[in-house]
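Worksheet for the structure shown next.
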Amino acid sequence: MSEFSIIYKNFQHATPHHPHTILGIGDDCAISQMTSHHQLVSCVDVLVAGRHFPINTSPYAIGFKSVAVNLSDLSAMGAKPYAILLGLSLPTHYVHDEWLSAFTQGIQHICQQFNVELIGGDTTKSDILTISVTALGWVPQGQAILRSGAKVGDIICVSGEIGSASFALQQILQQQSSTLQSALDLPQPQVRLGQQLRHYAHSMIDISDGLAQDLGHILTASGVGAKFFLEQIPAHHILQQLPKQERWQHQLNGGDDYQLLFTMPIEKFYEFNQQHPNLIYPIGEIVADKGLQLFDEGKPIDFKIQGWQHF
Ligand code: ADP
Ligand code: MG
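Here it is, written out as structure tokens:
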């Protein structure tokens with residue numbers, strides 16, 4: 001048995017079996033049972049060591065995060081996650097029990113948390129550790145929440161604290177330890193909230209490249225503009241103690257938050273809060289004037305917006 005066969009044997013029963021799965025790991029492809037009134041929602045994210053996570057990130061966190069970022073994408077559509085496929089490119093020095101079992105455990109834990117099954121993948125040798133997870137989920141017919149639905153007058157909300165991961169990354173890159181490291185390493189995708197927002201949100205995205213840049217995707221897709229009220233953006237108390245310019249830098253331009261960013265009409269905002277108190281935080285509004293206007297305590301603010309650059 002080759003090294004790689006041993007690896008995927010490891011994965012074979014690592015995650016919960018899902019009733020949609022007719023055939024999982026072991027054959028050329030997996031087979032899943034579709035239902036007639038749901039639509040398949042799918043996405044893929046590639047994580048390259050040293051680029052998408054620091055090279056010394058723990059194998060557990062690498063496994064966990066590779067899945068988490070994809071479940072976050074599914075959540076941003078309002079979809080319910082179902083399964084993942086794992087493309088693994090490994091340098092030979094990672095192919096040993098200690099690394100592989102911690103990596104598998106990270107994948108296992110997040111899959112168990114959200115009842116997601118690993119149904120297949122591919123494993124190759126390469127010079128740089130690269131993990132590509134494909135995630136599959138379901139949404140009731142026609143109910144996915146797109147980036148393009150924002151309307152003038154909508155309230156803009158986020159699902160939680162913004163900027164913690166970016167602050168942690170800065171500390172780690174400066175060789176300091178960070179009390180916010182888990183925000184960077186073990187992001188919690190907003191799986192439940194994403195589905196709860198169906199019938200409420202007009203538009204939605206998950207925040208991976210920076211709050212301002214990701215809002216920009218909603219604005220462009222919807223043909224609208226926005227106002228942000230900076231003092232309303234939820235921040236961990238460690239960030240609240242930073243000078244404002246520094247906090248805004250992490251909150252607006254940092255990345256890796258994996259919180260949801262969405263817009264909804266004001267009536268829906270009140271209705272949602274009544275049904276599900278304390279889950280969503282209003283931070284701005286959609287306006288007709290294109291572009292993003294920033295305010296702090298009512299005063300207009302000039303701040304350079306610059307999110308994660310892919311190239
Ligand atoms: P093939 O030659 O058809 O690509 P493989 O030997 O690569 O077959 O894979 C055999 C089985 O193991 C397949 O069902 C595949 O989905 C699964 N598999 C391979 N690598 C992984 C992985 N990294 N994670 C999960 N399943 C994997
Ligand atoms: Mg293969």
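Residue 46 in our numbering is what sits at position 46 of the sequence shown, and the numbering runs on without skipping anything.
Heads up, the beta-carbon is just placed ideally off N, CA and C, and yes, glycines get one too.
Quick caveat: nothing in here was measured; it's all calculated off a predicted structure.
DSSP-derived helix/strand/coil call for residue i
i	result
I131	strand
K244	helix
H20	coil
H38	strand
K65	helix
Y281	strand
C111	helix
T123	strand
Closer than 8 angstroms: residue i CB and nearest the ligand ADP heavy atom
i	result
F64	no
S5	yes
T123	yes
G26	yes
L118	yes
L88	yes
F311	no
F53	no
L85	yes
F11	yes
A30	yes
Y200	no
Residues that DSSP places opposite residue i in a beta bridge
i	result
A83	E117 and L136
G225	V287 and G291
M264	I155
D296	K299
Beta-carbon proximity list for residue i, same chain, < 8 angstroms, skipping 5 on both sides
i	result
S177	Q171
D289	G225
Close Cβ partners of residue i (< 6 angstroms) along its chain, the five nearest in sequence each way excluded
i	result
G63	F103, G106 and I107
Contact under 9 angstroms by Cβ, residue i with residue j
i	j	result
I25	G121	yes
D296	F229	yes
I233	V158	yes
P189	L74	yes
I156	L261	yes
V326	V69	Nothing about residue 326 can be read from this structure; the chain reaches only from 1 to 311.
G149	H199	no
G153	A235	no
Chain-order list of residues whose beta-carbon lies under 7 angstroms from that of residue i (same chain, five-residue window excluded)
i	result
V95	E3
Q141	H37, H38 and Q39
I7	L100 and T123
Below-9 angstroms beta-carbon distance, residue i vs any chain B residue
i	result
Y94	Considering every chain present, this structure includes no chain B. It has just one protein chain.
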